[in-house]
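Heads up: the structure comes next, in structure tokens.
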Amino acid sequence: MPFYRAVGELPRKRHTVFRRPDGGIYAEELMGEEGFSSDSSLLYHRYLPTAILNSEPAEDLRALSEARPNLPLAPRHFRTGELPVKGDLVTGRQLLAGNGDVHLSYAAVEEESGLYRNSVGDETVYLQSGSARFESTYGVIEGREGDYITVPTGTIHRWVPHGRVQALVIEASGHIRPPRRYLSSFGQFLEHAPYCERDLRGPTEPFTAEGPEARTATPVLVRTRAGLSRMTFAHHPFDVVGWDGYLYPFAFNIEDFEPIVKKTHAPPPVHQTFEGPNFVVCSFCPRPLDFHEDAVPIPYNHHNVDSDEFMYYVAGDYAARKGSGIGIGSVSLHPAGFTHGPQPGAVEAALGAPSTTETAVMVDTFRPLDIGPAGRASEDPAYAWSWAR
0 MPFYRAVGEL PRKRHTVFRR PDGGIYAEEL MGEEGFSSDS SLLYHRYLPT
50 AILNSEPAED LRALSEARPN LPLAPRHFRT GELPVKGDLV TGRQLLAGNG
100 DVHLSYAAVE EESGLYRNSV GDETVYLQSG SARFESTYGV IEGREGDYIT
150 VPTGTIHRWV PHGRVQALVI EASGHIRPPR RYLSSFGQFL EHAPYCERDL
200 RGPTEPFTAE GPEARTATPV LVRTRAGLSR MTFAHHPFDV VGWDGYLYPF
250 AFNIEDFEPI VKKTHAPPPV HQTFEGPNFV VCSFCPRPLD FHEDAVPIPY
300 NHHNVDSDEF MYYVAGDYAA RKGSGIGIGS VSLHPAGFTH GPQPGAVEAA
350 LGAPSTTETA VMVDTFRPLD IGPAGRASED PAYAWSWAR
């Protein structure tokens, strides 16, 4: 994270004795990235975070091995509304597309998850509809519709939905961060950035298990590059009384993104919100349209020769694809090797429009995306030919 945060009880100096009320010593844990050469946080536990009682293999219901190459090459349209409501925000992920850098899954859930730790990479969960309480060793974030909630690698957490939640889950093979061009050399958001520190919500106080639960052996589902394990901790891992540092979960709501507007149509990098290993995340939000007197205020035909474009349509009206079958909850996948653009007649219909109501989340990947089982199950087979209608 680009700025420092301190939550709960802390000793004055790092790596010094910090006593519990009973005279014992809190257990210090350093969570750090890139071999402790990048962002980190120090957490203070009531019990040893190293104390485990058992570890056993767990079934992986979302294996990338089930994904298939996009062959024959074609643009794709997935109707996520046709996918079932099942499971929770960890076990209920339905793989739409993915590669070695990122997995992109849809989840429609109503159940509370168990405790989970992803030790492969960061996750960003976009709440398309509904709300959920995110609980972790760092504390609580109340997630609401339109939130991106980013979870650092190795964070033990669980999800508690308030009713039904629909979400896009972005699982990275590394770290998800604000784009470097938005930040100073010291990590502060610059004035030209489309959001800033004030827009980010992190935990504000510790969240600790109390009573018998705190001292009870507790299972945690752990993902590593080798697969899934279920580890049993000697005590509940929500026992942190304080932490500080630059590494922690945070929420950013898409409504707080400040669109960059030009005289003529701007390319997708102006919408970039986060970057990950070999992919970027962009937010398309309601905004004034291009103001040159002869501007064409929708995308031109374009061919992004180095990346696949995965677009999740979450609200409003995406005028450029009207008539193609795209609607709220749709995902379009426009792969490298294919030129795409507005629906026939959309250019003429858009001339003179002062603004747009669209909201969409886009993930551009710099390696080809394979199509997952949920993508195949929800695909609109007519979409590829929609420009020729």
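Per numbering that gives the first Met the number 0, residue 0 is the first one in the sequence shown, and the count goes up by one each step.
Beta carbons: idealized from backbone N, C-alpha and C, even for Gly.
So, residue i versus residue j, is the Cβ gap smaller than 8 Å?
i, j, result
"Y403", "G201", "Only positions 0 to 388 of the chain appear in this structure, which leaves residue 403 out of reach."
"P372", "L94", "yes"
"E109", "R163", "yes"
"I297", "A349", "yes"
"E28", "L9", "no"
"T123", "F273", "yes"
"V362", "F278", "yes"
"L103", "T231", "no"
"G340", "N303", "no"
"G241", "G7", "yes"
"P367", "N69", "yes"
"G394", "N252", "In the structure as shown, the chain starts at 0 and stops at 388, and residue 394 therefore has no counterpart that could be examined."
"R67", "I370", "yes"
"D121", "T364", "no"
"D59", "G173", "no"
"Y312", "A345", "no"
What's the gap between the Cα of residue i and the Cα of residue j?
i, j, result
"S228", "V221", "5 Å"
"L288", "Y115", "42 Å"
"D20", "F256", "Asp is not the amino acid found at residue 20; the sequence shown has Pro there. When rounded, the distance between both Cα atoms is 44 Å."
"F249", "H44", "21 Å"
"L332", "I325", "11 Å"
"Y147", "S130", "12 Å"
"W386", "F337", "12 Å"
"V295", "K262", "10 Å"
"F185", "D305", "30 Å"
"P160", "Y137", "19 Å"
"V402", "F133", "Since the first residue shown for the chain is 0 and the last is 388, residue 402 is missing from the structure and cannot be characterised."
"V269", "V280", "11 Å"
"A171", "I155", "16 Å"
"C195", "T207", "29 Å"
"V84", "T149", "23 Å"
"R214", "Y25", "15 Å"
"S377", "Y105", "11 Å"
"S323", "Y382", "7 Å"
"I140", "D198", "14 Å"
"N98", "A73", "17 Å"
"G210", "S282", "43 Å"
"T223", "Q165", "25 Å"
"E254", "S135", "25 Å"
Under the DSSP definition of a beta bridge, which residues are partnered with residue i?
i, result
"Y125", "Y147, L167"
"D243", "A5, L41"
"H301", "H339"
"T355", "R286"
"W390", "Residue 390 lies beyond the stretch modelled for the chain, which goes from 0 to 388, so this question has no answer here."
"N98", "The partner list for N98 (beta bridge, DSSP) is empty, contrary to what the question assumes."
"F232", "I51, T217"
"C281", "Q271, M361"
"Y46", "For Y46, which the question treats as bridged, DSSP gives no partner whatsoever."
With burial defined as no fewer than 16 other Cβ atoms inside 10 Å of the residue's Cβ, what is the status of residue i: buried or exposed?
i, result
"L126", "buried"
"R157", "buried"
"F35", "exposed"
"A5", "exposed"
"F290", "exposed"
"P205", "buried"
"E357", "buried"
"S183", "exposed"
"R75", "buried"
"G142", "buried"
"A107", "buried"
"D87", "buried"
"V89", "buried"
Out of the options, which one is the CA nearest neighbour of residue i?
i, options, result
"A314", "D59, V280, N252, P285", "P285"
"Q271", "E134, F290, P193, P296", "P193"
"G244", "P151, E254, A66", "P151"
"E32", "S118, H14, I51, E65", "S118"
"G113", "Y105, T154, V219, G99", "V219"
"F188", "F2, E347, P380, Y299", "F2"
"T217", "G210, S172, R180, P236", "P236"
"G374", "D293, A57, F77, G226", "F77"
"G153", "S39, D238, P258, P380", "S39"
"P334", "D293, A96, R18", "A96"
"V330", "V346, D379, P343, Q342", "D379"
"S397", "H264, A383, Y312", "With the chain running from 0 to 388 in the structure shown, residue 397 is simply not present."
"T49", "I140, G173, D238, Y181", "D238"
"E292", "G351, D316, Q342", "G351"
"T79", "S128, E55, E209, Q342", "S128"
So is the beta-carbon of residue i under 7 Å away from any non-hydrogen atom of the ligand COA?
i, result
"P74", "This structure lacks the ligand COA, and indeed carries no ligand of any kind."
Is the Cβ of residue i closer than 8 Å to any Cβ of chain C?
i, result
"N98", "The structure shown contains no chain C; it is built from a single protein chain."
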